[in-house]
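Note that the protein sequences, when read in sequence, are chains A and B. Under our numbering, residues 36 to 340 are what the first sequence spells out, in order. Under our numbering, residues 5 to 240 are what the second sequence spells out, in order. Data first, discussion second: the structure below is written as structure tokens.
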Amino acid sequence: MTFLNYLISGISLGSIYAIIALGYTMVYGIAKMLNFAHGDVIMVGAYICFYAVSRYSLPPLVGVILAMLVCTVLGIVVERLAYKPLRSAPSLAVLITAIGVSYFLQNAALLLWSSNPKVFPNAFVINTIDEAGNPVVQSSIDLFGGQLKVSFVTIATIAICIVIMLALLWFTSKTRLGKAMRACSEDKGAAQLMGINVNATISMTFAIGSGLAAIAGVLLCSAYPTLVPTTGSMPGIKAFTAAVFGGIGSIPGALLGGLLLGIIEIFAKAYISTQLSDAIVFAVLIVVLLVKPAGLLGKQIREKV
Amino acid sequence: MEPILKVDDINVYYGSIHAIKGVSFEVQEGEIVTLIGANGAGKSTTLNTISGLLHSKTGSVTFLGENLAKVPAHKIVSKGLALVPEGRRIFLQMTVQENLEMGAYTQSGKTADADLEKVYAQFPRLKERYRQVAGTLSGGEQQMLAMGRALMSRPKLLMLDEPSMGLAPILVEQIFEIIQNLHKAGTTILLVEQNAQAALSVADRGYVLETGKVVTTGTGAELLASPVIKKAYLGG
């Protein structure tokens with residue numbers, strides 16, 4: 036049962052990584068840049084949700100929607116102000132700018148919200164009454180006669196991840212805008228010749244990625260409830276790793292990479308060493324990239340002449 | 005008669021390299037016009053400038069009476085001007101049908117469905133392979149897909165950049181047949197080719213480009229017969 040428990044925790048953590056990795060992979064696919072500020076968008080989303088729920092007593096769902104709105108706008112604004120002017124600049128300049136945006140967001144959060152950790156409220160609870168008639172806050176469900184305890188956050192995280200993944204696959208394979216996005220990621224010039232507005236498509240991609248980051252932020256802080264301005268950076272790096280692991284640019288790759296990374300991390304913590312878990316995660320990445328440099332589901336493009 | 009396309013004194017630079025030096029020419033409605041010239045003469049640059057992917061420092065490109073200088077590339081196709089780019093540039097990871105759908109991006113869903121049938125009728129090979137990923141097609145099929153994709157936008161003027169490049173002679177013949185059929189069906193065509201022989205034999209008129217300038221012009225037959233052209237471009 037403990038094994039199953041760890042596995043579920045791993046899948047849940049992996050689902051969060053996967054949702055973040057989607058933002059990395061979609062933006063990379065279309066703008067061919069690594070948006071290292073993506074992790075910090077998670078943090079902003081978590082703060083917005085925290086303030087909406089804890090300070091202004093709004094219902095958690097409203098908090099999540101508010102966080103998504105703010106992050107979507109933030110994503111679009113960052114792209115317009117910081118990345119769009121560098122569209123034809125060398126990729127190193129864009130990379131450094133992304134790191135700059137990351138520090139800017141962290142420090143802005145430090146100024147606005149201070150470095151005092153905020154305790155994130157768990158929204159995934161059910162208020163019930165026990166046998167004695169006292170109100171009880173239930174945050175998990177017991178399975179197999181109490182041998183397996185699964186929190187609602189875990190269940191919600193996995194479910195939300197599945198829904199997001201299906202929605203994105205549907206969007207990119209069935210809708211006009213989604214197909215235009217794929218066309219842009221292959222050849223921007225040819226996409227323009229089709230009449231596709233490439234700048235608008237890139238904005239849309241940043242908007243989607245950042246909106247997903249907000250969801251990931253709320254889920255992450257519901258599971259690990261300490262919120263500080265650097266909350267987003269480590270999950271951001273892990274999710275970036277997951278995206279590379281699965282094959283950057285590939286949406287199913289982000290899911291696979293995220294899940295594997297989460298499971299490996301939890302198992303490493305449980306069975307090997309808590310301190311070494313990150314080292315183990317990154318060692319696995321190195322081995323995978325040695326064998327498959329394009330990542331697990333990365334596309335090897337063959338061109339015909 | 006007012007030409008459908010009028011290119012007037014365009015100058016295009018790649019950084020400090022002056023690639024197009026005051027090129028002017030025009031295309032009348034219903035014509036096949038060809039631009040011929042050696043590698044690096046500026047043929048593709050000219051087409052990319054007309055379609056808005058590159059910009060001219062001076063002069064103007066007028067299409068159906070409208071100056072395209074300030075029109076962004078993605079808005080040009082809906083005006084009836086489509087380019088089949090050099091190297092085809094189809095979306096290799098998308099299916100044949102998705103490529104064609106992208107061609108109809110500016111069209112309504114209804115016209116796109118009707119046009120899809122038309123393109124499939126014209127290129128039965130594409131219909132056979134409609135669910136296949138475009139990267140798995142042969143070179144000739146890819147060229148047909150690129151042409152079909154451009155036709156999906158219902159162009160009044162179709163620009164083709166080196167459609168015969170890298171194709172076996174039998175396929176080149178086929179592609180030129182298709183070009184003539186499109187022309188008969190009423191599409192005006194601006195054709196850029198290194199295969200001057202083939203291009204001039206289908207063209208009404210031709211312009212010869214050399215290092216970014218128009219050096220000669222005439223009807224297709226005149227240029228084919230001209231001794232200078234023969235020597236420089238027709239191998240004898």
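Note that CB positions come from ideal geometry on N, CA and C, so glycine has one too. As the structure is a computational prediction, the values presented were derived from the model and not from experiment.
query, result
"Going by DSSP, what residues sit across from M163(B) in a beta bridge?", "L87(B) and L194(B)"
"Figure out for me which residue from V326(A), V319(A), V185(A) and R217(A) has the closest Cα to the Cα of Y41(A).", "V185(A)"
"Taking G18(B) as the reference, which of G44(B), Q32(B), S55(B) and P7(B) has the closest Cα?", "Checking the displayed sequence, the identity of residue 18(B) turns out to be Tyr instead of Gly. Out of G44(B), Q32(B), S55(B) and P7(B), G44(B) has the C-alpha closest to the C-alpha of Y18(B)."
"The alpha helix (DSSP H) spanning H187(B) covers which residue range?", "P173 to K188"
"Shorter than 8 Å from the beta carbon of V340(A) to some beta carbon of chain B?", "In this prediction, V340(A) has a pLDDT of 42, which is less than 50 and means its spatial position is unreliable; what the coordinates show is noted afterwards. Interface residue, yes."
"To the nearest whole angstrom, what separates the beta carbons of I80(B) and T53(B), a pair I think is in contact under 8 Å?", "With a Cβ gap of about 11 Å, I80(B) and T53(B) do not count as contacting."
"If I'm right that V79(A) touches L109(A) with Cβ under 8 Å, what's the distance once you round it to whole angstroms?", "6 Å"
"Name the DSSP beta bridge partners of D177(A), please?", "K184(A)"
"Give the straight-line distance between the Cα atoms of A277(A) and K114(B), rounded to the nearest whole angstrom.", "41 Å"
"Could you tell me which of M151(B), V75(B) and L155(B) sits nearest to A118(B), measuring between CA atoms?", "L155(B)"
"Going by DSSP, what residues sit across from S206(B) in a beta bridge?", "Just to set this straight, residue 206(B) is Val in the shown sequence, not Ser. In the DSSP output, where bridge partners are listed per residue, V206(B) has none listed."
"With 16 other CB atoms within 10 Å as the buried threshold, where does V76(A) fall?", "buried"
"If distances are taken between C-alpha atoms only, which option among E145(B), L141(B) and T50(B) comes closest to V212(B)?", "T50(B)"
"Using Cβ-Cβ distances below 9 Å, what residues of the region 183-217 of chain A are close to chain B?", "S208, R211, K214, A215 and R217"
"I'd like the ranges of any beta strand (DSSP E) spanning at least 3 consecutive residues and lying wholly in the region 95-173 of chain B.", "161-165"
"Less than 8 Å between CB atoms is the rule here; does G282(A) satisfy it with respect to chain B?", "no"
"Kindly indicate if chain B contains any beta-carbon less than 8 Å away from that of G224(A).", "yes"
"Note the first and the last residue of the continuous beta strand (DSSP E) segment covering H73(A).", "Where H73(A) is concerned, there is no enclosing beta strand (DSSP E), although the alpha helix (DSSP H) it sits in stretches over H73 to F85."
"V100(B) and L120(B) - do their beta-carbons sit closer together than 8 Å?", "no"
"What three-state label does DSSP hand V322(A) in the structure shown?", "helix"
"So what does D12(B) bridge to, in DSSP terms?", "S64(B)"
"What does M229(A) touch in chain B if you count any residue whose Cβ is under 7 Å from its own?", "V81, M106, G107 and Y109"
"Opposite F29(B) in the DSSP bridges: which residues?", "V11(B)"
"Ordered along the chain, which non-local residues of its own chain (more than five positions away) have a Cβ less than 6 Å from that of E30(B)?", "P7 and K10"
"Can you tell me whether V160(A) is helix, strand or coil according to DSSP?", "coil"
"Round the Cβ separation of L238(B) and Q201(B) to the nearest angstrom and send it over; I've been treating them as touching at under 8 Å.", "5 Å"
"Which chain B residues are close to N232(A), counting only those with a beta carbon under 7 Å from its beta carbon?", "H78"
"Going by other Cβ atoms of all chains shown within 10 Å of its Cβ, with 16 needed for buried, is P173(B) buried or exposed?", "exposed"
"Quick check: the Cα distance between I83(A) and P76(B), rounded to an integer number of angstroms?", "38 Å"
"Hey, quick one: how far does the beta strand (DSSP E) through T266(A) stretch, first residue to last?", "Element bounds for T266(A): n/a, residue is neither H nor E."
"Does DSSP put N52(B) in a helix, in a strand, or in coil?", "helix"
"What are the partner residues of G41(B), as DSSP defines its beta bridges?", "L213(B)"
"As an exercise, report each continuous alpha helix (DSSP H) stretch of at least 4 residues that is fully enclosed by the region 97-136 of chain A, in chain order.", "none"
"I need the boundaries of the alpha helix (DSSP H) containing H59(B), first residue and last residue.", "Unbroken run through H59(B): none, as it is neither H nor E."
"Quick check: I55(A) and A251(A), are their CB atoms within less than 8 Å of each other?", "yes"
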